[in-house]
Amino acid sequence: MNTFAPSSQKIVILTGAGISKESGLDTFRCADGIWARVRLEDVATPEAFCRNPALVHQFYNARRGALTDPAIVPNAAHLALARLEREWPDDVLIVTQNIDDLHERAGSRNLIHMHGELKKVRCQRCGALLDWFEDLTTGDACPSCRGEGQLRPHVVWFGEMPLEIERIYAALEQCGMFLSIGTSGNVYPAAGFVRHVRSFTDAHAVELNLEPTAGASLFAETIYGPATVSVPSFVDRLLADAGCVRG
Ligand code: BV8
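Residue numbers (this note's numbering): 446 to 692.
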């Protein structure tokens, strides 16, 4: 059933690694994904960082370095969501699980990186949050407190609290439309957002993914195919139905 939220409704959009795939960044759980090459227990938990910080730095340095590749740019799906934020007459909030910077480079502003950001590091000693674009090593000193070996990627690992979770739940409870784009729905609490929306609102929930996920039946509408095809056409349809002519 294709009932769209009236244009006075707020939209919350959850994105995952699938939206960045066609920009050249790996997903996690596809056959050629990150977790097929490295164990998450070795690189994406606080215990892993305590055990072998150099290995964790190497893992995130490689992914941060990939973002400096001029070939890695926002794709049509990122650009369509930025357009939706500009032209939709009410709030559009993107909650991304991704730690790349492609949404902001596409022009999105109302954006929460619930799992952190590759281009930021945090000092475990003084709490300083710093922009960081090159490799991080155990030898780097915190520019703020000078503590050595105290800097870590500003990334939410398994077992750690996602960022801005209260603000996210508040937005989910006030939305008229919830879009889930390019995520397998394997990681919580993000995977539970659609259930939260359904229990608090009568919002129209839409899954846009390459293929059906385990949670597909929780969505009122499902659209499958590459994000660079499905997302721009969905945004065009949404704006046209709301009478938002191209700005
Ligand atoms: C927490 C680090 C307490 C950053 C990541 C129940 C409730 C609460 C917690 C749990 C729970 N059950 C288990 C847990 C614990 C755990 C968890 O979920 N474990 C899983 C394995 C079962 N969760 C946690 O520890 C979280 N913390 O719970 O704190 C709490 C409790 C309640 C409320 C608040 C707090 C912390 C989770 C964060 C972990 N960090 N990574 C990094 O290195 O990037 S998770 C990792 O998975 C990434 O962040 C990634 O973003 C995330 C999700 O993956 P996806 O983005 O979905 O990527 P995936 O490859 O899986 O799927 C891609 C999809 O794209 C596919 O479906 C594919 O078909 C599609 N696709 C591919 N190509 C395209 C495409 N779609 C469109 N177009 C294409 N071209």
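The C-beta atom is built at its ideal place from N, Cα and C for all residues, glycine as well.
- DSSP places Tyr-633 in no alpha helix (DSSP H); its state is neither H nor E.
- With contacts defined by Cβ atoms closer than 9 Å, Ala-527 and His-548 form a contacting pair.
- Relative to the non-hydrogen atoms of the ligand BV8, the Cβ of His-599 never comes closer than 8 Å to any of them.
- Close CB contacts of Gln-542 within its chain, under the 8 Å cut and outside five residues either way in sequence, are with Leu-459, Thr-460, Gly-461, Ala-462, Met-559, His-560, Thr-628, Val-632, Ala-635 (chain order).
- When Cβ pairs closer than 8 Å are counted between the two stretches, the region 571 to 590 is seen not to touch the region 480 to 490, the count staying below three.
- Asn-654 and Ile-668 have their C-alpha atoms spaced approximately 7 Å apart.
- In this structure, the alpha-carbon of Ile-479 lies about 6 Å from that of Thr-472.
- Shown here, Pro-598 sits in a strand according to DSSP, grouped into three states.
- Taking 4 residues as the minimum length, the alpha helix (DSSP H) runs contained wholly in the region 490 to 543 are 491 to 496, 498 to 511, 521 to 532, in order along the chain.
- With a 10 Å radius around the Cβ and a threshold of 16 neighbouring Cβ atoms, Phe-603 comes out exposed.
- In this structure, Arg-482 has its CB at a distance of at least 8 Å from all heavy atoms of the ligand BV8.
- According to the DSSP secondary-structure assignment, Arg-612 is paired through a beta bridge with no residue.
- Glu-467 carries a helical assignment under DSSP once its states are collapsed to helix, strand and coil.
- Annotation for Val-674: the continuous alpha helix (DSSP H) segment containing it runs 672 to 686.
- For Phe-603, there is no enclosing alpha helix (DSSP H), as DSSP marks it with neither H nor E.
- The three-state secondary structure of Ser-553, taken from DSSP, is coil.
- Put simply, of Lys-564, Arg-531, Glu-609 the residue whose alpha carbon is nearest the alpha carbon of Arg-554 is Arg-531.
- Going by DSSP, Asp-576 is part of the beta strand (DSSP E) stretching over 574 to 576.
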